[in-house]
Amino acid sequence: MKLNELPAWEKPREKLLREGRERLSTAEILAILLRTGTKKKTVMDLAGEILSMDRTGVRFLADCTPEELRRISGMGDAKICELLAAVELGRRIASSRMETRGRIRCSADVADRFMEKLRYYKKEHFICLLINAVGDVIEETEVSIGDLCSSAAGPREVFTAAVRRSAASVIFLHNHPSGDPTPSDQDIRTTRRLREAGDLLGIEVLDHIVIGDGQFISMAAEGMLG
């Protein structure tokens, strides 16, 4: 069933124009993106089925895959592409408050830049910020995806770009999918090993920031760099 075939009181497009986008439920927003349902279920039914795929609700969409969405009857490639593109657009809008390039004043600057980008990932993403001699970020590199203890976050992989770009210092970030930013013992050991490698290369490790769900921990501020 298409949106224009729904009863007037169930039409989310008309509701958006009449009452404003803030008045839409999450299911109604999804229905607008999906546009049509199937012969056996309305577009609102389809939106509700997506939201019930995982106990986290809409947060599930932040890191879901096309394969996961294909499990739902009625979700073809066109719908999947439109939905995931909208999710990515929202992520980029949320993370655009601070430009990648720019001077870093404190760990909160870095956390603000990456919180919305990293907080919902289901896997750990390890990122390295390259910083020049006057404190400007010159490049952001994603080093690895996966648990920090099992990913390719070794000194060679981490510092290759830093050496190439003649970075004076670096800041590391990674997320904890659990939402708790408390660094693990492995996080601390890995960070200290990387700091020692940076010292040998003449590249200072300024901080390692762990991103949780709406909160972060600066390992430098906590005295964990060694």
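The numbering of the sequence shown is our numbering, which starts it at 24 and goes up by one. Here a beta-carbon is modelled for each residue, glycine too, at the ideal position from N, C-alpha and C.
Nearest neighbour of residue i, chosen from the options [CA to CA]
{"i": "Ser96", "options": "Arg78, Val66, Leu107 and Leu112", "result": "Val66"}
{"i": "Gln209", "options": "Val233, Val228 and Leu40", "result": "Val233"}
{"i": "Tyr144", "options": "Val160, Ser201, Arg179 and Gly177", "result": "Ser201"}
{"i": "Ile55", "options": "Ala220, Leu47 and Ala185", "result": "Leu47"}
{"i": "Arg82", "options": "Leu248, Ser241, Gly246 and Asp236", "result": "Asp236"}
{"i": "Thr205", "options": "Arg188, Thr183, Leu229 and Ile240", "result": "Ile240"}
{"i": "Gly60", "options": "Leu92, Lys140 and Lys102", "result": "Lys102"}
{"i": "Lys146", "options": "His199, Leu39, Lys38 and Glu91", "result": "His199"}
{"i": "Phe182", "options": "Ala220, Ile211, Arg212 and Arg41", "result": "Ala220"}
{"i": "Ala50", "options": "Gly43, Ile73 and Leu39", "result": "Ile73"}
{"i": "Met138", "options": "Arg36, Glu37, Gln238 and Ser167", "result": "Gln238"}
{"i": "Pro89", "options": "Ser75, Leu106 and Asp203", "result": "Leu106"}
{"i": "Arg58", "options": "Gly43, Pro35 and His148", "result": "Pro35"}
{"i": "Glu163", "options": "Ser192, Gly177 and Leu224", "result": "Ser192"}
{"i": "Arg212", "options": "Gly99, Asp100 and Gly249", "result": "Gly249"}
{"i": "His148", "options": "Met98, Glu91, Asp86 and Cys104", "result": "Asp86"}
Own chain, CB closer than 6 Å to residue i, minus 5 neighbours either side, in chain order
{"i": "Ile150", "result": "Glu165 and Leu196"}
{"i": "Glu180", "result": "Val166"}
{"i": "Ser130", "result": "Asp230, Ile232 and Ser241"}
{"i": "Asp203", "result": "Gly235"}
{"i": "Arg93", "result": "none"}
Exposure of residue i, with buried meaning 16 or more beta-carbon neighbours within 10 Å
{"i": "Arg136", "result": "buried"}
{"i": "Lys63", "result": "exposed"}
{"i": "Thr214", "result": "buried"}
{"i": "Gly169", "result": "exposed"}
{"i": "Arg218", "result": "buried"}
{"i": "Ile194", "result": "buried"}
{"i": "Val133", "result": "buried"}
{"i": "Val186", "result": "exposed"}
{"i": "Arg292", "result": "As shown, the chain starts at 24 and ends at 249. That puts residue 292 outside it, with no answer to give."}
{"i": "Ser75", "result": "exposed"}
{"i": "Arg41", "result": "exposed"}
Beta carbon proximity, residue i to chain D, threshold 8 Å
{"i": "Thr213", "result": "Absence of chain D from the displayed structure is noted, only one protein chain being present."}
Distance between beta carbons of residue j and residue i, contact taken as under 8 Å
{"i": "Ala190", "j": "Ile226", "result": "6 Å"}
{"i": "Ala243", "j": "Asp230", "result": "4 Å"}
{"i": "Arg188", "j": "Ile161", "result": "6 Å"}
{"i": "Ala70", "j": "Leu84", "result": "Not confirmed; about 11 Å, so no contact."}
Chain-order list of residues whose beta-carbon lies under 8 Å from that of residue i (same chain, five-residue window excluded)
{"i": "Glu245", "result": "Pro206"}
{"i": "Lys38", "result": "Arg46, Leu47 and Glu51"}
{"i": "Arg142", "result": "Asn198, Gly202, Ile234, Gly235, Asp236 and Gly237"}
Tell me whether the region 97 to 117 and the region 148 to 164 touch, counting them as touching only if at least three CB pairs, one residue from each stretch, are closer than 8 Å.
no
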